[in-house]
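Beneath this line is the structure, given in structure tokens, with notes to follow.
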Amino acid sequence: MNQPSRFPVSRRTFLAGSTALAAGTLGGPAIVRAQPAPVKVGLIHPVTGFVAYNGQQSRLGATMAIDDLNKAGGIKSMGGAKLEPLLGDSQSKVEVGVSEVEKMHEQGVAAYIGCFQSPVGIAASQAAAKYNTPFLIDVGASDLLVTRGLKNVFRLKPGFGVCVDQGIAALDSLNKAAGSPAKSAVIVHESGEFGTGTSKLLSGKLPSIGINVKEVISHDNPTRNFDNIALRIRSVAPDLVMMSNYQNEYVLLARTLFQQKVNLAGFYSFLGGGFNYKFVKEMPDVSQYMMDTNHWFNPKSEKAQALKKRIEATKALFTYELYLSYSVVMLLADALEHAGSADNEKLLAALSASTFKAELMPYGPTKFVNGQNQGGRAMTLQSLKGDIEVIAPAEFASAKAVFPRPKFT
Amino acid sequence: MLDPGILFAGVLNGLMAGGIYVLVAVGLTLIYGVLHIINFAHGSLLMLAMYAVFFLWRLSGLDPYAALPIVIGAAFAFGYLLYRLVIGRLSHGRDENILLITLGISIVIDNVALLLFGGNTQTVETPYASSFVQLGDAFLPLPKIISFVASLFICAVLGLFLARSDTGKAIRAVARERQGARLVGIDVDNIFALSYGIGIACLGAAACLLMPTYYVTPSSGHAFVLVAFTIVVLGGMGSFAGAAVGGLIIGVVESLGGLVLGEQLGQIGISAIFILILLLKPSGLFGARQ
Chain A
1 MNQPSRFPVS RRTFLAGSTA LAAGTLGGPA IVRAQPAPVK VGLIHPVTGF VAYNGQQSRL
61 GATMAIDDLN KAGGIKSMGG AKLEPLLGDS QSKVEVGVSE VEKMHEQGVA AYIGCFQSPV
121 GIAASQAAAK YNTPFLIDVG ASDLLVTRGL KNVFRLKPGF GVCVDQGIAA LDSLNKAAGS
181 PAKSAVIVHE SGEFGTGTSK LLSGKLPSIG INVKEVISHD NPTRNFDNIA LRIRSVAPDL
241 VMMSNYQNEY VLLARTLFQQ KVNLAGFYSF LGGGFNYKFV KEMPDVSQYM MDTNHWFNPK
301 SEKAQALKKR IEATKALFTY ELYLSYSVVM LLADALEHAG SADNEKLLAA LSASTFKAEL
361 MPYGPTKFVN GQNQGGRAMT LQSLKGDIEV IAPAEFASAK AVFPRPKFT
Chain B
1001 MLDPGILFAG VLNGLMAGGI YVLVAVGLTL IYGVLHIINF AHGSLLMLAM YAVFFLWRLS
1061 GLDPYAALPI VIGAAFAFGY LLYRLVIGRL SHGRDENILL ITLGISIVID NVALLLFGGN
1121 TQTVETPYAS SFVQLGDAFL PLPKIISFVA SLFICAVLGL FLARSDTGKA IRAVARERQG
1181 ARLVGIDVDN IFALSYGIGI ACLGAAACLL MPTYYVTPSS GHAFVLVAFT IVVLGGMGSF
1241 AGAAVGGLII GVVESLGGLV LGEQLGQIGI SAIFILILLL KPSGLFGARQ
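Top to bottom, those sequences are chains A and B. 1 is the number of the first residue of the first sequence in the working numbering; add one for each residue after it. 1001 is the number of the first residue of the second sequence in the working numbering; add one for each residue after it.
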């Protein structure tokens, strides 16, 4: 009877294993060296401060896209180079956004994505222009972002100019179809670049569809109380209240107007910061019949629906910040594939010539003119029975608009 | 010229808002009066109390007004322990240390809240949210009327407590003469902790009264701190009655300023009061002369 060996591994197995281990140890560094260098992408969003939620949603969308790309093999034309996110927090402050640009430049960033707030995006992209580094605007409404002649700035989504034009056209159709019940409006907007710029455009264009602007009311962020604004609106008695505000003030203003039973033909917001699934589901009475022209995913896109399911499975909300940031990372990856390099000049050339298909969005083919994508468009939405329905354009409409809204009894 | 009916409604709106400001300011002035420091963590602790109200409602369906005893009690205990375990121990008896510690606490609370709760806007929906009372041109939402009355009631109870109870008298004694109070056998450190706890309990009450009409995010408490500070200066640093009257005055000034000058310029009224009081009567309306 053979004695059991003290060592359960045979000599042959041991030698084979040792050889493999040695080869692995010595060969390892060679394999690591063979890995292409990661492409560093600077994500600058306000993840703290008064618009922290919006910034966090953008960061979530962008990092999810980077994970998805890396899992799919990275940038193939660059030997499978992975994208590496550099996370920056603008803290909702312009100067912090600019300092994040400088910090990331020192870390060798290939491109920036940001910044949600237009003033931060304007200053940060200007700072990136010094280094000729591409700056992709994921969210940022102001058209100043792309009208300063900077060659490094690209925006996939439409700015407030296009959104206002499309929203006014949709409102005009609704109003005419209902026998023109809306003849006057009060505009309530936040006092920053986004709200003020949108308000100026609205004030100039509403008269062209027969709607007289009776008053323009600006408010700070944060505003503690909208009672007086509701009082002024009631005293002016407009047919429409048109709003452009960030999330907190949007929700508070809508709730105050509802609580104070301000009777109107409609509430219509432009890029309404609070018009999302959470708002309509948690405040179905307040949000009922409110309308908004905003960025929205393509409801007919299987990829958009799949991403929506993934996001909702994590209890997060499928908001416009999320899918716009996701799409912009995909745009950058597409440009890197075409450029075959993270070199600034090559990447800028690839972005300028991009024909990227933004599969999540209801956009036409991408075509950048002075950094602004000409294929982007907004949708007009309405809150109906605790859900968000698309009411324009007709090809994407999921419900018929209710306009004018029923009066409070 | 604004219609008198609109002005009347503006005054009522201002009083309703002022009622909440009073509670926030009373806590601040009580802490200042006794500890002689500005509590930089006031806004953050208000936010924390608002989250407590929100989660009580979300998880157990408890109405914000029914949550008053729970949140006030929890806020008092939190404030008391915060002083006993953190502020009192780390300050080493120096007022300037307390300032820095409360500032540090504020930063920690804000960021922990952001980490735990996220940055999304959270609101409480109540069945009476859309009920209102009409008085002329004014449509006063029922929750605001309830909050106004409850706020003044809580202030009156607190005033009585400070005036009549032994603990209240001890608090006033410490506020007036710390060393003398110690000499007559008052446990000054305990009074400091109690006062801090009561100040934070006021924030707990304010949170319950705010949530039916306001929202909470990790930065929402700070919206009330600057206005509360102005009220404390207007009423007189450390003056309980001053904070109550000052809160209502600031509420009305803010409201009428907004109506006459517009929402943004209307805030000038608050800043103007702040500067004028410092220039003309630095001790405030009810403050003791130094």
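By construction, the Cβ of each residue, glycine as well, lies at the ideal position given by its N, Cα and C atoms.
Item                                                                                                                                                        : Value
Residue range of the alpha helix (DSSP H) that A/ASP334 falls in?                                                                                           : 320 to 339
Please list, in chain order, the chain B residues whose beta carbon lies closer than 8 Å to that of A/GLU282.                                               : THR1123, GLU1125
Looking at B/PHE1224: is its Cβ nearer than 8 Å to the Cβ of B/GLY1043?                                                                                     : yes
Note down the Cα distance separating A/ALA392 from B/LEU1062, rounded to an integer number of angstroms.                                                    : 40 Å
Roughly how many angstroms lie between the CA atoms of B/ALA1193 and B/GLY1088, to the nearest whole one?                                                   : 8 Å
A/ARG310 versus chain B: which residues are under 9 Å apart at the beta carbon?                                                                             : Residues of chain B passing the Cβ test: none, with the nearest at roughly 18 Å.
Can you name, in chain order, every residue of its own chain whose Cβ lies under 8 Å from the Cβ of B/SER1091, other than the five neighbours on each side? : ASN1097, ILE1098, ILE1101
Please determine, among A/GLU395, A/THR380, A/THR366, A/PHE396, the residue with the shortest C-alpha to C-alpha distance to A/VAL402.                      : A/THR380
Round the Cβ separation of A/LEU324 and A/ALA141 to the nearest angstrom and send it over; I've been treating them as touching at under 8 Å.                : With 8 Å as the limit, A/LEU324 and A/ALA141 do not qualify as a contact, their Cβ atoms being about 11 Å apart.
Classify A/SER287 as buried or exposed, calling it buried when 16 or more other Cβ atoms lie within 10 Å of its own Cβ.                                     : buried
Assign A/ASN298 to buried or exposed, taking buried as 16 or more other Cβ atoms, counted over all protein chains shown, within 10 Å of its Cβ.             : buried
With distances taken Cα to Cα, identify the nearest neighbour of B/VAL1071 among B/LEU1276, B/GLY1266, B/ALA1207.                                           : B/ALA1207
Could you check how far apart the C-beta atoms of B/SER1319 and B/LEU1023 are, in whole angstroms? I think they sit under 8 Å.                              : Limits of chain B in this structure are 1001 at one end and 1290 at the other, which puts residue 1319 of chain B out of reach.
For chain B, find out if any of its Cβ atoms is closer than 8 Å to the Cβ of A/THR223; answer yes or no.                                                    : yes
What does A/VAL251 reach in chain B if we use C-beta pairs closer than 7 Å?                                                                                 : THR1121, THR1123, TYR1215
Within 10 Å of its beta-carbon, does A/ILE229 have 16 or more other beta-carbons around it, so buried, or fewer, so exposed?                                : buried
When the Cα of B/LEU1135 is compared with those of A/PHE50, A/THR133, A/PRO119, A/GLN260, which residue comes out closest?                                  : A/GLN260
On the criterion of 16 or more Cβ atoms from any shown chain inside 10 Å, does A/GLU345 qualify as buried, or is it exposed?                                : exposed
Measure the beta-carbon distance from A/SER125 to A/LEU145 and round it to whole angstroms, keeping in mind my assumption that it falls under 8 Å.          : 7 Å
Buried or exposed: A/GLU102, going by 16 or more other Cβ atoms within 10 Å of its Cβ?                                                                      : exposed
Need the endpoints of the alpha helix (DSSP H) that A/GLN166 sits in, please.                                                                               : 160 to 177
If you draw a straight line from the alpha carbon of A/GLY114 to that of A/LYS183, how long is it in whole angstroms?                                       : 38 Å
So, using beta-carbon positions, are A/LEU331 and A/ALA111 closer together than 8 Å?                                                                        : no
Shorter than 8 Å from the beta carbon of B/ASP1189 to some beta carbon of chain D?                                                                          : No chain D appears in the structure shown, which is made up of the protein chains A and B.
Quickly, what does DSSP pair A/ILE75 with across the bridge? List them, please.                                                                             : A/ALA81
Once you ignore the five residues that flank B/GLY1197 on each side, which residues in its own chain have a CB closer than 6 Å to its CB?                   : PHE1076, GLY1079, TYR1080
Alpha carbon to alpha carbon, how far is B/ARG1178 from A/GLU282? Give it in angstroms, no decimals.                                                        : 51 Å
For A/ASN370, which three-state DSSP category applies?                                                                                                      : coil
Anyone know if the C-beta pair for A/ALA349 and A/VAL39 falls short of 8 Å?                                                                                 : no
Going by other Cβ atoms of all chains shown within 10 Å of its Cβ, with 16 needed for buried, is A/ALA177 buried or exposed?                                : exposed
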